[in-house]
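Sequential numbering of the sequence shown, starting at 2, is according to the working numbering.
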Amino acid sequence: MTARLLDGQAIAAAIRQSVLPDVAAFATAVGRPPGLGIVLVGEDPASEIYVRNKVRAGTESGLWVDLQRLPSSATLEDLLVVVERLNRSDPHDGILVQSPLPAAMGRGAAQRVFDAIDPEKDVDGFHPVSVGRLVQGRAQLAPCTPSGVIEMLQRSDIPMSGARAVIVGRSEIVGKPMAMLLLQRDATVTVCHSKTRDLPALCATADILVAAIGRAGFVTPDFVRPGATVVDVGINRVTDGAIARRLFAPGSPRLADFERRGSVVVGDVHPDVVEVAGALTPVPGGVGPLTIAMLLKNTVAAAQGRQRPA
Ligand code: NDP
2 MTARLLDGQA IAAAIRQSVL PDVAAFATAV GRPPGLGIVL VGEDPASEIY VRNKVRAGTE
62 SGLWVDLQRL PSSATLEDLL VVVERLNRSD PHDGILVQSP LPAAMGRGAA QRVFDAIDPE
122 KDVDGFHPVS VGRLVQGRAQ LAPCTPSGVI EMLQRSDIPM SGARAVIVGR SEIVGKPMAM
182 LLLQRDATVT VCHSKTRDLP ALCATADILV AAIGRAGFVT PDFVRPGATV VDVGINRVTD
242 GAIARRLFAP GSPRLADFER RGSVVVGDVH PDVVEVAGAL TPVPGGVGPL TIAMLLKNTV
302 AAAQGRQRPA
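1. Going by DSSP, what residue range makes up the alpha helix (DSSP H) through G306?
2. Is it right to say P310 is buried, meaning 16 or more other beta carbons lie within 10 angstroms of its own, or is it exposed?
3. Would you list, in sequence order, the uninterrupted beta strand (DSSP E) runs of no fewer than 3 residues that lie entirely inside the stretch 28 to 95?
4. Does the Cβ-Cβ distance between V169 and C193 come in under 8 Å?
5. Roughly how many angstroms lie between the CA atoms of A166 and A213, to the nearest whole one?
6. If you check the beta carbons only, do V326 and D241 fall under 8 Å apart?
7. Does the stretch 46 to 65 come into contact with the stretch 282 to 300, if we say contact requires no fewer than three beta-carbon pairs (one atom in each stretch) closer than 8 Å?
8. Pull up the distance between the alpha-carbon of T189 and that of R33, whole angstroms please.
9. With 16 as the cutoff for other CB atoms within 10 Å, does K122 come out buried or exposed?
10. Please go through the same chain and pick out, in chain order, the residues whose beta-carbon is closer than 7 Å to the beta-carbon of M181, but skip the five residues on each side of it.
11. Between L102, G59, L80, which has its C-alpha nearest D94's C-alpha?
12. Please classify S148 as buried or exposed, where buried requires at least 16 neighbouring CB atoms within 10 angstroms.
13. Output the residue ranges of the alpha helix (DSSP H) runs that lie fully inside the stretch 131 to 161 and measure 4 residues or longer, sorted by chain position.
14. For V200, which residues from the same chain have a beta carbon less than 8 Å from its beta carbon, with the 5 sequence-adjacent residues on both sides left out?
15. Residue ranges of each beta strand (DSSP E) run of no fewer than 3 residues wholly in the stretch 172 to 230, ordered along the chain?
16. How would you write the range of the beta strand (DSSP E) that R238 sits in, first residue to last?
17. Under the DSSP definition of a beta bridge, which residues are partnered with L256?
18. Can you give me the C-alpha to C-alpha distance between A105 and V66, rounded to a whole angstrom?
19. Report all residues from its chain with a CB closer than 8 Å to the CB of V274; omit the five preceding and five following residues, and keep chain order.
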């Protein structure tokens, strides 16, 4: 069996298309487009790429995107001042602070920043109020990556109601909100982590297996029930030739890619899983594009929400 590949690019394009009329209607009604403030601290290369993609996608969809950059020497207080300014600014409907923050800001800095964002503008869905609403099943702004996964499953006709879903990873930004969103769609959800016993066997009970771990090729075919849907959230840059050769067969295009560039981006799911799964999200081109599409959707929702009478 070879898995059906779930095309995140195509689904993201459809979502981005679907927000265009709302963007236009908002601009006509309010006299300005929905606005997104993105704050980037420092020069982390991966964050630079993510932010560039977010700015481009937002601008292409007709949003006003305002990128605010702070040097890597900025303090947490400097960052909180910027967040507070964006909270008070009318044309900024959504605020996103790109993580990770520089380590020098200290442990807990990201949470302090998320706590400071006005919940009405919290397009990442990380504020405690957003998390509480999500848990209660009345999210206005759900975190972009897990809600993108839900869109992908829905639009690919993968049944969630009654399905056994296993999520590997319990982070605040992916694993936990993913569990809530699947539970709200009537899946029976198990959340696994680094202390979980018998992980492969547990994963092999899943109809829907979500890998959000951050370890290249961790989920091997023995984790996967034949025919299951496997969602690979991981984005890992591999620079070690031994790891690349463990993942990709000699002569494969991905290995050739690695040998040409010296690095390759892979998910948490081993490429051999394609032989066992029924459906699989590729990396790149799976969940990643959906995360950005859902950010645009959240920005429009935040903009619309702010215009509604309280
Ligand atoms: P975190 O590091 O915050 O969380 C990783 C989770 O994986 C933790 O819960 C950890 O368990 C668990 N884990 C680690 N090792 C093991 C193991 N050996 N067995 C079982 N569980 C394990 O990562 P994130 O959730 O932020 O991200 C996960 C991946 O998704 C990363 O590759 C990241 O780059 C990617 N990502 C992709 C996005 C996209 O747009 N596609 C968006 C966000 C993230 P424990 O809690 O016990 O430590």
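All C-beta atoms, glycine included, are put in the ideal place defined by N, C-alpha and C.
For this structure:
1. 288 to 308
2. exposed
3. 36 to 42, 65 to 71
4. yes
5. 13 Å
6. The requested residue 326 is not part of the displayed model; the chain covers only 2 to 311.
7. yes
8. 43 Å
9. buried
10. L135, V136
11. G59
12. buried
13. 145 to 156
14. Going by the sequence as given, residue 200 is Leu instead of Val. Excluding sequence neighbours, L200 sits near V169, C193, F224.
15. 189 to 193, 209 to 212
16. 237 to 239
17. Looking at the DSSP assignment, L256 forms no beta bridge with any residue, so it has no partner.
18. 27 Å
19. A4, V220, T221, P222, F224, V225, V231, L281
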